[in-house]
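Shown next, in structure tokens, is the structure this report addresses.
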Amino acid sequence: MTIVESIDSGSLPVVETFHSLQGEGSYAGRSAFFIRLGGCSVGCSWCDTKHSWPSDVHPLVPLEVLKQEAQQAAAAGAAFVVITGGEPLEQSLAPLCEALVPSGLPLHLETSGVGPLSGAFTWITLSPKPHRPPHQPVLNACHELKVVVHEASDLAFAEAMAMAAVRERSAVQPPPHLLLQPGWACPDGQQLAIDYVRRHPQWRLSLQSHKWLGVR
Ligand code: SF4
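Here it is in structure tokens:
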């Protein structure tokens with residue numbers, strides 16, 4: 443049984459929900475309500491949310507509850523909802539997106555792109571991984587491409603992904619923002635990313651500001 447088949451369409455495994463600031467990417471510093479879904483089979487060695495990998499250890503939360511939490515976050519100042527994980531696209535996200543519409547908040551997705559694209563989002567952050575290349579439809583649809591840098595080969599991968607993201611893109615869809623994000627506590631990645639962005643102005647540095655600040 444796949445993860446998708448095992449989950450009632452009226453609920454999803456949720457690791458945590460919280461209202462904080464978006465820490466990274468183009469929306470860094472903005473008030474956001476996060477829904478971290480359980481389940482990820484991508485297996486990045488440097489993953490900082492390994493507790494999210496199994497989907498069956500996290501409570502199945504009714505979509506109605508998530509809707510109410512998003513509405514409360516909107517009333518408290520959240521500017522958008524971020525659906526993150528784990529790998530959210532290992533589940534069908536259409537019911538969740540529909541459930542969150544009454545909150546009135548734009549919906550953002552953070553994904554590695556390994557699953558089929560589902561749901562309706564105003565902003566898609568694609569963070570592709572070299573060992574599990576993303577699906578082409580996610581490359582076509584993403585608004586920002588955020589590549590984590592640990593070693594020099596990650597820069598070549600970033601350029602390959604940037605090309606793949608525009609190769610089949612519709613004429614009306616602007617190219618994605620290009621972001622390089624040093625791996626956390628990785629001095630080599632920091633230096634590589636800084637040097638590369640300095641020499642390639644189409645790329646922008648993305649920092650995990652929430653980690654630097656020690657906030658959630
Ligand atoms: S895709 Fe994300 S959640 Fe999954 S292992 Fe990689 S970094 Fe962790």
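Just remember that the working numbering sits 442 ahead of the position in the sequence shown, which is counted from 1.
C-beta: ideal position from N, C-alpha, C; glycine also.
I need the DSSP call for Gln644, collapsed to helix, strand or coil. In the displayed model, Gln644 falls within coil according to three-state DSSP, outside both helix and strand.
Taking just the CA atoms, how far does Trp495 sit from Ile445? At Ile445 the pLDDT is 45, less than 50, meaning the model places this residue with poor confidence and gives no usable figure here.
Reduced DSSP secondary structure (H/G/I, E/B, other) of His619:
strand
Taking all protein chains shown into account, decide if Arg478 is buried (16 or more other Cβ within 10 angstroms of its Cβ) or exposed. buried
Does the contact criterion of 3 or more C-beta pairs under 8 angstroms hold for the stretch 484-502 versus the stretch 511-520? Contact between the stretch 484-502 and the stretch 511-520 is absent, because fewer than three Cβ pairs lie under 8 angstroms.
- Can you find at least 3 beta carbon pairs, one from the stretch 649-658 and one from the stretch 606-613, that sit closer than 8 angstroms? no
- Query: Could you check where the alpha helix (DSSP H) with Pro530 kicks off and where it finishes?
  - Reply: Where Pro530 is concerned, there is no enclosing alpha helix (DSSP H), given that its DSSP letter is neither H nor E.
- Any heavy atom of the ligand SF4 within a distance shorter than 6 angstroms of the CB on Thr491? Because some heavy atom of the ligand SF4 lies under 6 angstroms away, the Cβ of Thr491 counts as near it: yes.
message = Considering just the uninterrupted stretch of the beta strand (DSSP E) at His592, what are its terminal residues?
response = No beta strand (DSSP E) contains His592, which DSSP labels as neither H nor E.
Compare the C-alpha of Leu587 against each of Leu535, Val524, Glu552, Gly546 and name the closest. Glu552
Along the chain, which unbroken stretches of the beta strand (DSSP E) at least 3 residues long are found entirely within the stretch 551-584? 565-568
* What do you get for Met443, buried or exposed, if any count of 16 or more other CB atoms within 10 angstroms of its CB means buried? -> For Met443, the predicted model reports a pLDDT of 35, less than 50, meaning its position is unreliable; a value from the coordinates is still stated below. Its Cβ having fewer than 16 others within 10 Å, Met443 is exposed.
Inset, instruction - Assuming Val523 and Phe475 form a contact by the criterion Cβ under 8 angstroms, report the distance between their Cβ atoms to the nearest whole angstrom. - result: 5 angstroms
_Excluding the 5 residues flanking Trp645 on each side, which residues of the same chain have their C-beta closer than 8 angstroms to its C-beta?_
Shown here for Trp645: same chain residues with a beta carbon closer than 8 angstroms to its own, the five before and five after excluded, namely Ala600, Leu620, Leu621, Leu622, Tyr638, Val639 in chain order.
| message | Less than 6 angstroms separating the Cβ of Ser554 from some heavy atom of the ligand SF4? | response | yes
Check your understanding: Would you call the CB atoms of Leu597 and Cys584 closer than 7 angstroms?
Key -> No, Cβ-Cβ distance for Leu597 and Cys584 is not below 7 angstroms.
Ignoring anything shorter than 4 residues, give me the alpha helix (DSSP H) runs that lie fully in the stretch 474-530, in order along the chain. 505-517
TODO: Determine the DSSP secondary structure at Ser451, reduced to helix, strand or coil.
DONE: coil
Discussion item. Check for me: the alpha helix (DSSP H) holding Glu540 runs from which residue to which?
Written reply: 536-542
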